[in-house]
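Asker: Just so you know, we're using the working numbering here: the sequence shown kicks off at 253 and counts up by one.
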Amino acid sequence: MATVTTTPTAVTTRTRTLLTAGAVAGPLYVVCWLSQALTREAFDLTRHPASLLANGDLGWIQTANFIVAGLLSLAGAVGLRRTLTGRGSRWAPRLLGAYAVGLLLAAAFPADPAAGFPAGTPADYAEISLRGMGHFVAGTIGFTGLIAACFVMAAHYRSTGRTGWARYSTITGIAFFAAFAGLSAGAGTPPTILAFGAAIILAWTWITATCFHHRR
Numbered sequence: 253m254a255t256v257t258t259t260p261t262a263v264t265t266r267t268r269t270l271l272t273a274g275a276v277a278g279p280l281y282v283v284c285w286l287s288q289a290l291t292r293e294a295f296d297l298t299r300h301p302a303s304l305l306a307n308g309d310l311g312w313i314q315t316a317n318f319i320v321a322g323l324l325s326l327a328g329a330v331g332l333r334r335t336l337t338g339r340g341s342r343w344a345p346r347l348l349g350a351y352a353v354g355l356l357l358a359a360a361f362p363a364d365p366a367a368g369f370p371a372g373t374p375a376d377y378a379e380i381s382l383r384g385m386g387h388f389v390a391g392t393i394g395f396t397g398l399i400a401a402c403f404v405m406a407a408h409y410r411s412t413g414r415t416g417w418a419r420y421s422t423i424t425g426i427a428f429f430a431a432f433a434g435l436s437a438g439a440g441t442p443p444t445i446l447a448f449g450a451a452i453i454l455a456w457t458w459i460t461a462t463c464f465h466h467r468r
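1. Evaluate the contact criterion for the region 349-356 versus the region 383-400: three or more CB pairs, one atom per stretch, below 8 Å.
2. Considering only residues of the same chain and omitting the five flanking positions on each side of residue 313, which have a CB-CB separation below 8 Å?
3. Rounded to whole angstroms, what is the Cα-Cα separation between residue 447 and residue 431?
4. One question on the structure: do residue 369 and residue 386 come within less than 7 Å of each other, judged by their Cβ atoms?
5. Could you check the C-alpha separation between residue 452 and residue 339 for me, to the nearest Å?
6. Would you mind reading off the limits of the alpha helix (DSSP H) that contains residue 460?
7. Quick one: grab the DSSP three-state call for residue 361.
8. Whose C-beta lies closer than 6 Å to the C-beta of residue 302 among residues of the same chain, with five residues either side of it excluded?
9. If you reduce the DSSP assignment to three classes, tell me which class residue 316 lands in.
10. Please state whether DSSP places residue 367 in a helix, a strand or coil.
11. Can you tell me whether DSSP reads residue 297 as helix, strand or coil?
12. The alpha helix (DSSP H) that contains residue 279, what's its start and end?
13. Using a Cβ-Cβ cutoff of less than 8 Å, which residues in the same chain neighbour residue 381 once the five nearest sequence positions on both sides are dropped?
14. Please determine, among 294, 276, 383, the residue with the shortest C-alpha to C-alpha distance to residue 371.
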């Protein structure tokens, strides 16, 4: 009987491809989000989170952005699982995978129109539909997974002597948790919206850096 053997080089190549997918998810997401934020009528970065872009005639663009980012992040989580050993090697990829699932669920359950977006929506409109509740659940799943992944990876890096990466992961987790909590407590005020947008960029930068680090 013939035996098919997978060489280490082939496995490494697949893993590098998966981690590359995870690394490019963030830049693609951020570019797509900010491009829409700066060009779509009535959208204001100080008043509207990225999720609201899934509304209106061009809402399909942000929905596609969620899907692509989710699938690429899921690939990155698989690649990370293949490279990690030791403390956190099982849970960190799973938690990053939970973030990816949250993105996919966000595409399935778009956020409700709010605060004057899309154009024509009353400025004080803030009703929550069933799909809006689904979006909230998606965000809770995804963001909780992301925050936890930062702390688990920080523990992993400390256990392997990479203190710089441990600090980076911890700071990212704390900053994102603070921004998410501030957004929830601040009811969408401009400072909390801007802080959360900055935290999204910080988190995606961490994911990209982490995937590239393990890709090497």
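Glycine included, every Cβ here is placed at the ideal spot set by N, Cα and C.
Answerer: Reading from the atomic positions:
1. yes
2. Locating residue 313 in the sequence shown gives position 61, counting from the first residue. Correct list, in chain order: 284, 288, 305.
3. The residue given as residue 447 occupies position 195 in the sequence shown. The residue given as residue 431 occupies position 179 in the sequence shown. When rounded, the distance between both Cα atoms is 6 Å.
4. Stepping through the sequence shown from its first residue, residue 369 is reached at position 117. Stepping through the sequence shown from its first residue, residue 386 is reached at position 134. Contact flag unset, no.
5. Here residue 452 corresponds to residue number 200 of the sequence shown, with the count starting at 1. Here residue 339 corresponds to residue number 87 of the sequence shown, with the count starting at 1. Cα to Cα, the separation comes out at about 26 Å.
6. To locate residue 460, count along the sequence shown from 1; it is residue 208. Looking at the DSSP string, the run of the alpha helix (DSSP H) that includes residue 460 is 442-467.
7. The sequence position of residue 361 within the sequence shown is 109, counting from 1. Of the three classes helix, strand and coil, the one that applies to residue 361 here is coil, per DSSP.
8. Taking the sequence shown and counting its residues from 1, the one referred to as residue 302 is at position 50. Counting only residues of its own chain and dropping the five nearest sequence neighbours on each side, residue 302 has a CB closer than 6 Å to the CB of 285.
9. As a working note, residue 316 is residue 64 in the sequence shown. DSSP places residue 316 in helix when its eight states are reduced to three.
10. If you number the sequence shown from 1, residue 367 lands on position 115. Coil, per DSSP.
11. Counting from 1 along the sequence shown, the entry for residue 297 is found at position 45. In the structure shown, residue 297 adopts coil according to DSSP, grouped into three states.
12. On the sequence shown, position 27 is the one that residue 279 refers to. That run of the alpha helix (DSSP H) goes 260-291.
13. Taking the sequence shown and counting its residues from 1, one reaches residue 381 at position 129. Same-chain partners within the cutoff: 364.
14. Within the sequence shown, the letter at position 119 stands for residue 371. Taking only the C-alpha atoms, the option nearest residue 371 is 294.
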